[in-house]
Every structure is written in C-alpha cells, then in structure tokens.
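Presented below is the structure to which this report refers.
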Amino acid sequence: MNFAIIGTNWITERFIDSAKRNEEFKLTAVYSRTHEKAKEFADKHGAEFIFTNLEKMATSDVFDAVYIASPNSLHAEQAIIMMKHNKHVLVEKPAASNRAEWEAMALAARENGVLLMEAMRSTIVPNFQRIRDSLEKIGPVRRFVGNACQYSSRYDAYKEGSVLNAFKPEFSNGSLMDIGIYCLYPMVVLFGKPDGVKANAYMLESGVDGEGSIVMRYADKEAVVMYSKISNSYMPSEIQGENGSILIHSMLEMDKVEIRYKDGSREDISVTQDQPSMFYEAKEFMELVRAGERESRINSHAHSKIVMEVMDESRRQIGLVYPADLK
1 MNFAIIGTNW
11 ITERFIDSAK
21 RNEEFKLTAV
31 YSRTHEKAKE
41 FADKHGAEFI
51 FTNLEKMATS
61 DVFDAVYIAS
71 PNSLHAEQAI
81 IMMKHNKHVL
91 VEKPAASNRA
101 EWEAMALAAR
111 ENGVLLMEAM
121 RSTIVPNFQR
131 IRDSLEKIGP
141 VRRFVGNACQ
151 YSSRYDAYKE
161 GSVLNAFKPE
171 FSNGSLMDIG
181 IYCLYPMVVL
191 FGKPDGVKAN
201 AYMLESGVDG
211 EGSIVMRYAD
221 KEAVVMYSKI
231 SNSYMPSEIQ
241 GENGSILIHS
251 MLEMDKVEIR
261 YKDGSREDIS
271 VTQDQPSMFY
281 EAKEFMELVR
291 AGERESRINS
301 HAHSKIVMEV
311 MDESRRQIGL
321 VYPADLK
C-alpha cells in the first residue's frame with residue numbers, strides 16, 4: 001500500500017520504522033513546508049516524491065493513504081483536504097483540537113467513502129485485547145485508574161526560556177492532549193462515555209497544562225486519570241474489580257499486564273508483543289483499507305468523538321482554550 005506522510009518529526013520516524021515491518025507498506029511521498037526538509041526526509045526513507053503544497057499533494061495518484069503527524073492544530077484541515085481527494089487517513093493522536101473538528105473530519109470521511117482512523121496505538125496492541133477478554137475474571141469493575149506521567153525533555157528547554165511546540169496552545173498542545181489521552185482512550189473503549197467529569201490541572205505560564213487529573217463517574221464505577229509532562233510516575237495503572245484487579249505496567253505500551261486476585265494469587269495475562277506498538281496500528285489500518293472498511297471497530301469514530309468530548313469538558317473546567325476553539 002502506497003503511503004504519504006505529513007509531518008517530518010521523531011514520531012513519523014518511529015511510525016515508518018514500525019510500519020515497514022509489514023511488507024504491504026511502501027512510503028512513496030513526503031510533505032513538508034520546505035523543499036529542503038521534504039527532500040532530506042524522503043531521501044532518508046526512500047520516498048520517490050516530495051510535496052510542499054497540500055492541495056497538489058492531495059490530487060496526486062502516487063499514494064493511497066496518508067499518515068498525518070503534524071502539530072495537533074493542523075490535523076483537521078490537512079485530513080479533510082486529503083479525504084476530499086479520496087485518500088485514506090491515519091491521523092496521530094489526538095486526532096483533532098476539539099469535538100467540532102473531529103466531527104468535520106468524520107463527515108468528510110463518510111462523504112468521500114474513505115477510512116479515517118485515530119492512531120491510538122495502545123488500544124490496538126494484543127495485550128489490550130487480553131485486558132478486554134479478562135475483565136469478567138475480576139468480577140464487576142468498580143474503578144479504573146489510568147496513570148501516564150512522563151517528564152518531557154522539552155520541559156527542560158521550557159524552564160530555560162525556550163517554549164517549544166509541545167507547550168504552545170496555538171498548536172493545541174499540553175499534557176492532556178499529549179499524554180492524558182493514553183488513559184482516556186482505553187477507558188472509553190472499555191467502558192464507554194462517562195456520566196460526569198471533574199478536572200483539575202497545574203497550568204504553565206505558556207497557557208497549557210503541565211499536569212492534571214480527571215475524575216469521571218459511571219453508573220456502577222468511577223474512573224480516575226492522572227497525567228503529566230513535568231513529572232514521572234512509576235505506578236502501574238489498574239482496573240479494580242470485586243474479585244481482583246488488572247494491573248497495567250504502561251498505558252503507552254501495554255507491554256505487561258497481570259491480574260492480582262483478592263485471594264492473593266496472580267495471573268500474568270500478557271502475550272509477547274514481538275513488534276513495536278505502532279506496528280499494530282499500521283497493520284490494523286492497512287487491513288481495514290484492504291477489506292473496504294471505513295472505520296475501525298476499536299479506534300472507531302464514536303470512540304474518538306467521546307474522547308474529544310471528555311477532553312473538551314476537562315479543558316473547559318481547567319480554563320485551557322485553544323485558538324482552534326474560537327474558529
């Protein structure tokens with residue numbers, strides 16, 4: 001399958017390295033705002049075509065699908081341009097700045113009959129399916145605790161006076177969008193939309209959240225999500241049931257998962273994930289395209305919409321407004 005990429009950064013490098021492990025994947029085109037950057041990236045990864053104009057790129061027939069990993073604030077516009085020209089779109093998380101942007105993207109996908117999928121890798125890896133299959137073992141679930149706190153190297157630059165994109169509201173960035181979503185998306189896939197949301201955060205002077213927490217209410221359980229880009233945490237995440245708890249070593253990678261039952265016994269329910277986590281999202285996406293599907297059953301349009309709604313409400317409560325919200 002011929003792919004193009006938009007966004008020449010470290011996450012794109014990681015995606016290409018993971019996706020090319022599938023022999024179906026072929027990178028044929030690269031977009032960047034500058035010819036020099038596009039050529040440098042294309043030469044490095046063996047792509048034949050380069051583009052500096054999105055409209056011209058969208059009309060090209062040298063690729064069938066595009067992976068978008070540009071700043072969050074650009075996702076919606078770029079994805080819609082591609083879909084209007086019948087390109088399938090895999091867009092890096094968060095897929096959009098807010099619910100309104102996501103709904104416009106989903107509408108464009110339906111109108112043009114193309115696949116649109118949010119690139120949330122942790123819900124696609126084999127161990128997430130193991131979690132889903134094992135929920136009944138722990139009895140009725142009463143609490144979900146999602147923990148994703150990862151000190152950003154960009155925060156060192158921030159403290160030295162250099163505000164990089166990761167901490168700029170104009171790019172729809174911050175801790176919730178960058179890392180909190182790793183807890184929220186699996187929660188929504190497992191349990192659906194919460195009935196209530198209460199959010200708190202520590203706001204940086206640049207205008208985005210450095211860290212925060214969200215408590216959510218369901219009819220029969222509650223969910224607590226903690227996230228940070230200015231501190232590390234070494235605690236696992238946990239799904240607590242009346243008969244035991246599922247411990248998740250990393251919400252980002254889902255590489256180790258175990259059950260601790262109330263009688264003290266343990267069960268390792270992990271399977272070996274012998275590929276990088278992004279391999280599985282690329283594989284899912286390509287299989288869906290080949291099957292003629294227009295959305296993933298896991299990273300579905302509905303799930304992405306609910307996650308955006310939770311983040312919109314959380315941002316409203318902590319006072320985090322993006323320029324994209326004012327359009």
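Per the UniProt record's numbering, the sequence shown starts with residue 1, numbered consecutively.
Ideal placement from N, C-alpha and C gives every residue a C-beta, glycine not left out.
For residue i, decide whether its Cβ has a neighbour in chain E, counting only Cβ atoms nearer than 8 Å.
i, result
"Glu23", "Annotation note: the requested chain E is absent from the structure, which comprises a single protein chain."
Do you know offhand how far residue i's Cα is from residue j's?
i, j, result
"Phe171", "Tyr322", "8 Å"
"Pro276", "Met251", "14 Å"
"Asn220", "Ser32", "Note on residue identity: the sequence assigns Asp, not Asn, to residue 220. Roughly 48 Å separates the two Cα atoms."
"Glu77", "Glu118", "15 Å"
"Asn86", "Lys256", "39 Å"
"Val259", "Arg266", "Inspection of the sequence shows that residue 259 is occupied by Ile rather than by Val. Straight-line Cα distance between these residues: approximately 6 Å."
"Gly244", "Lys39", "54 Å"
"residue 328", "Lys20", "Nothing can be reported for residue 328, as the shown portion of the chain is limited to 1 through 327."
"Arg316", "Ala42", "40 Å"
"Ile306", "Cys183", "13 Å"
"Tyr158", "Ser228", "15 Å"
"Ser18", "Glu136", "33 Å"
"Ile80", "Asp263", "53 Å"
"Lys198", "Glu101", "23 Å"
"Arg110", "His88", "11 Å"
Using the beta-carbon count (16 or more within 10 Å), is residue i buried or exposed?
i, result
"Asp12", "Inspection of the sequence shows that residue 12 is occupied by Thr rather than by Asp. By the 10 Å Cβ count, Thr12 comes out buried."
"Thr59", "exposed"
"Thr34", "exposed"
"Gly212", "buried"
"Val208", "buried"
"Met254", "buried"
"Leu326", "exposed"
"Tyr67", "buried"
So what's residue i in DSSP terms, helix, strand or just coil?
i, result
"Ala29", "strand"
"His88", "strand"
"Lys229", "coil"
"Ile318", "helix"
"Glu281", "helix"
"Ile81", "helix"
"Lys39", "helix"
"Val66", "strand"
"Ile269", "coil"
"Leu204", "coil"
"Asn72", "helix"
"Asp61", "coil"
"Tyr261", "strand"
"Asp220", "coil"
"Leu326", "helix"
If contact is defined by three or more beta carbon pairs under 8 Å, each pair taking one atom from either stretch, is the stretch 34-49 in contact with the stretch 103-121? no
List in chain order: all unbroken alpha helix (DSSP H) runs of 4+ residues lying wholly within the stretch 96-183. List check, alpha helix (DSSP H) in window: 99-112, 126-134 and 153-159.
Check whether the stretch 144-152 and the stretch 281-296 are in contact - that is, three or more C-beta pairs closer than 8 Å. no
Do the stretch 84-99 and the stretch 224-243 touch if we need at least three Cβ pairs shorter than 8 Å? no
Cβ pair count under 8 Å reaching 3, the stretch 85-100 against the stretch 60-76: yes
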